[in-house]
Amino acid sequence: MTNPADKDSRLHTTLLGIPMQTPILTASGTFGFGEEFADFVDLSRLGAVVVKGTTLAPRRGNEGNRIAETPQGMLNCIGLENPGADVFLRETLPRIQQYHMQVIVNISGSTAEEYGELAGKLDVPGVAAIELNVSCPNVKEGGIVFGTDPHALASVVREAKAHTKKPVIVKLSPNVTDIRVMARAAEEAGADALSLINTLLGMQIDIETRRPVLGNVTGGLSGPCVKPVAVRMVYQAAQTVSIPIIGMGGITCWQDAVEFFLAGASAIAVGTANFTDPAVTMRIADGLNTYLSAHHIGNISELVGKMELG
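Letter by letter, the sequence shown follows residues 32 to 341 in my numbering.
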């Protein structure tokens, strides 16, 4: 009989010095604070839970309709609704520590200085790493989105690194001309890892009312429809940088996950699929175990970047 402790031995990995039972994370904004999924998922079996985006002050989010279904995906414009960093540290973090899961906090700010302040606040026991959401307006620079300008991106990374000893992961926006430029800028500024992709910018129009479906007019597109774009960008980034990559974008099954590992991801994150199947991460872990066993692969790390050309 297999020892339960050895169930995921082929999936054991270490990312940024963080020991993980599996290289399967949950994408920010799709898994709450983890506790909401405790009835469906063995949270300690996840590599980490990346909690919903956190800001310095509480945010109510956007007005109007925030979510719309699309073919093979969804649009959202939640607007970073969250209780703020102080509430997270005082109430949420102590509560979710009972699940013995690695916690990565996704943070957003309006200025580089805000990212630095947030990173400093979250440099506490119980937080394994910080993920920078750089798809936010840069108020000081007249509306530039940090994630689409390499110089603005670098300033955010440097500011965060200056205020925390935790590993800093940069979540890259796909809404750029060349993802390699942004990946290189993040690495050169000191990023410890990259996660990609964030959502693609999209919109939907109600043809009867002739109005945008989303209250914010545009929103982030996610789900299976973005997977080919995500795999391509992970591959390009992996060819450009030497730091680890967490791949995400449309992963719904273990076969999708294998593609990301072959493209160069050291870990993967599951997002939109959690809404339709709250136990999908466990099914992916089981499927990866079966695949590795069938192919006589001792550890998932042996798959990373092993796509064959020609």
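Glycine is no exception: its CB is placed at the ideal position from the N, C-alpha and C atoms. Remember, predicted model here, so these are calculated numbers, not experimental data.
Cβ distance (whole Å) where residue i is taken to contact residue j below 8 Å
{"i": "G63", "j": "K83", "result": "6 Å"}
{"i": "N206", "j": "L231", "result": "7 Å"}
{"i": "I331", "j": "L42", "result": "5 Å"}
{"i": "A116", "j": "V301", "result": "Wrong, their Cβ atoms sit about 25 Å apart, outside the cutoff."}
{"i": "V81", "j": "E162", "result": "6 Å"}
Close Cβ partners of residue i (< 6 Å) along its chain, the five nearest in sequence each way excluded
{"i": "K337", "result": "L293"}
{"i": "G278", "result": "V265, F291, A296 and I299"}
{"i": "G250", "result": "L106, N107 and C108"}
{"i": "L323", "result": "R41"}
Cβ-Cβ distance between residue i and residue j below 7 Å
{"i": "A310", "j": "I299", "result": "no"}
{"i": "L74", "j": "G65", "result": "yes"}
{"i": "A216", "j": "A185", "result": "yes"}
{"i": "V188", "j": "G178", "result": "no"}
{"i": "E7", "j": "R90", "result": "The question about residue 7 has no answer, for the chain in this structure spans 32 to 341."}
{"i": "A79", "j": "I138", "result": "no"}
{"i": "V272", "j": "A183", "result": "no"}
{"i": "I210", "j": "A261", "result": "no"}
{"i": "L106", "j": "G246", "result": "no"}
{"i": "F119", "j": "T86", "result": "no"}
Neighbourhood of residue i by C-beta, 8 Å cutoff - its chain only, sequence neighbours within 5 removed
{"i": "D39", "result": "Q52, T53, R76, A316 and N320"}
{"i": "M32", "result": "Unreliable placement is indicated for M32, whose pLDDT of 38 sits below 50; the coordinate value is still reported in the next sentence. Taken in chain order, the list of residues that qualify is empty."}
{"i": "G104", "result": "L252, S253, G254, P255, C256, V257, G281 and T303"}
{"i": "L124", "result": "V134, V155, G157 and V158"}
{"i": "V72", "result": "P309, A310, T312 and M313"}
{"i": "G48", "result": "P198"}
Neighbour-count burial assignment, residue i, 16 or more Cβ in a 10 Å radius
{"i": "D70", "result": "exposed"}
{"i": "T61", "result": "buried"}
{"i": "S204", "result": "buried"}
{"i": "L334", "result": "buried"}
{"i": "A150", "result": "buried"}
{"i": "I236", "result": "exposed"}
{"i": "L340", "result": "exposed"}
{"i": "E219", "result": "exposed"}
{"i": "I238", "result": "exposed"}
{"i": "G140", "result": "buried"}
Same chain only: Cβ atoms within 7 Å of residue i, ignoring 5 sequence neighbours per side
{"i": "G147", "result": "E190, A191, A193 and H194"}
{"i": "P181", "result": "V212, M213 and A216"}
{"i": "I274", "result": "E218, A222, D223, A224 and L225"}
{"i": "E145", "result": "L87"}
Proximity test, Cβ basis, 7 Å: residue i and chain C
{"i": "G341", "result": "Any reference to chain C falls outside this structure, which holds one protein chain only."}
Query raised in the report: Is the region 90 to 104 touching the region 157 to 164 in the sense that three or more CB pairs, one from each, lie closer than 8 Å?
Result: no
Requested in this report: Would you be able to state if there are at least three C-beta pairs under 8 Å between the region 196 to 208 and the region 220 to 237?
Outcome: Yes, the region 220 to 237 is in contact with the region 196 to 208.
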